[in-house]
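Going by this note's numbering, the first residue of the sequence shown is number 55, and it counts up by one from there.
Before any comments, here is the structure.
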Amino acid sequence: MIILQEIIHFVLIYGCLIISFLYRKRTNSNLYIYFVIICTLETLPYLFSIEFNRFYSFSSLLYIAFFTYYFSRQVSSYRNTVYAVGLFSFSCCLIFIFNAKETYPIPLAITFCAFFIILSFLYFFNQLKSRSRVYVFHKEAFWVSSALLLWSVFFLFRIIPMPWLEKNDIGFLLLINNVFKGATMVSYLLFLIAVTRKH
55 MIILQEIIHF VLIYGCLIIS FLYRKRTNSN LYIYFVIICT LETLPYLFSI
105 EFNRFYSFSS LLYIAFFTYY FSRQVSSYRN TVYAVGLFSF SCCLIFIFNA
155 KETYPIPLAI TFCAFFIILS FLYFFNQLKS RSRVYVFHKE AFWVSSALLL
205 WSVFFLFRII PMPWLEKNDI GFLLLINNVF KGATMVSYLL FLIAVTRKH
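Here is the structure:
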């Protein structure tokens, strides 16, 4: 079952990479850069002896940097806000990485998710104010924001109670973990839709 989940996971992320690269000129998007990063970071621990949690801690900095750039272009009227949120999140994550005893500290995870949630809601708010004639379902950033929001909410529900559940209810923790894996797959399906839409 675990092997099947990993296979599906890699099929989805590499599918996103291939399709986003093939559609990059048609959609005028650079989202393929994100999938180059994620495919590289997800594959390296399988090729080399790398501690997964420590690796994911530092990879969060790359994701914050990329999506700060990405959303600064999507919500240009709030560009300074996006930069401020990105810089604050990046700085906090650096502090948590170098000062925590855990290889993947929970405050880092919360900051990382909060970053995605804030920028996603900022994009949705901007769309509500926008008078664009392009239907929102035809916009790449709508699907990207939806995917990030979905993943972040489920990751928070998984990571926050994890220390307590590890000691008190391992069965429920395994259930939450499986639900999170399902949500992650759905988020990548949303990304698959995103990479076929206009930037």
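Built from N, CA and C at the ideal position, the CB exists for glycine as well.
With 16 other CB atoms within 10 Å as the buried threshold, where does residue i fall?
| i | result |
| --- | --- |
| Pro159 | buried |
| Glu220 | exposed |
| Tyr117 | buried |
| Arg251 | buried |
| Ala237 | buried |
| Val23 | One cannot answer for residue 23 here, as it falls past the ends of the chain, which runs 55 to 253. |
| Ala195 | buried |
| Phe166 | buried |
| Arg212 | buried |
| Phe191 | exposed |
For the alpha helix (DSSP H) containing residue i, name the first residue and the last one.
| i | result |
| --- | --- |
| Ser83 | Neither: Ser83 is in no alpha helix (DSSP H) and is coded neither H nor E. |
| Pro161 | Ile160 to Lys183 |
| Phe191 | Segment: none, Phe191 is in no alpha helix (DSSP H) and carries neither H nor E. |
| Ile224 | Ile224 to Ala248 |
Can you look up residue i in the DSSP assignment and give me helix, strand or coil?
| i | result |
| --- | --- |
| Lys155 | coil |
Following a CB-centred definition, is residue i positioned closer than 7 angstroms to any heavy atom of the ligand MG?
| i | result |
| --- | --- |
| Thr81 | Here there are no bound small molecules, and the ligand MG is not part of this structure. |
Have a look at the options and flag the residue whose alpha-carbon is nearest the alpha-carbon of residue i.
| i | options | result |
| --- | --- | --- |
| Leu210 | Ser131, Asn134, Ala168 and Tyr100 | Ala168 |
| Ile171 | Phe191, Ile149, Gly140 and Leu148 | Gly140 |
| Leu202 | Asn231, Ala138, Lys79 and Thr122 | Thr122 |
| Phe144 | Leu162, Thr135 and Arg127 | Leu162 |
| Ile92 | Ser130, Val65 and Thr81 | Val65 |
| Tyr110 | Thr157, Asp223 and Leu76 | Thr157 |
| Val207 | Lys235, Phe226, Arg185 and Asn153 | Lys235 |
| Val129 | Lys183, Arg108 and Val90 | Lys183 |
| Tyr124 | Glu96, Leu246 and Leu176 | Leu176 |
| Val136 | Leu148, Cys147, Phe120 and Gln59 | Phe120 |
Contained alpha helix (DSSP H) runs [length at least 4] in the stretch 91-130, N- to C-terminal order: 106-128
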